[in-house]
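According to my numbering, numbering within the sequence shown proceeds without interruption in unit steps and concludes at 190.
Heads up, the beta-carbon is just placed ideally off N, CA and C, and yes, glycines get one too.
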Amino acid sequence: MTARKERGISKNQKVILYAPTFRDDGSQIQFNYEEFSKSLVQSFIF
């Protein structure tokens, strides 16, 4: 079974993977998940 089938994601939906990384110097990238998700149409899954 594919990952799309397991999660109920149709072929028409695009998948966005957000994978933050940790930096040795402790710096962070500011990412507003709520704002980002509101700006997407329903054809995207993340």
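Residue range of the unbroken alpha helix (DSSP H) whose run includes residue i
| i | result |
| --- | --- |
| Phe175 | No alpha helix (DSSP H) holds Phe175; DSSP gives it neither H nor E. |
| Lys149 | 147-151 |
Inter-residue Cα distance where the pair is residue i and residue j
| i | j | result |
| --- | --- | --- |
| Leu184 | Arg167 | 28 angstroms |
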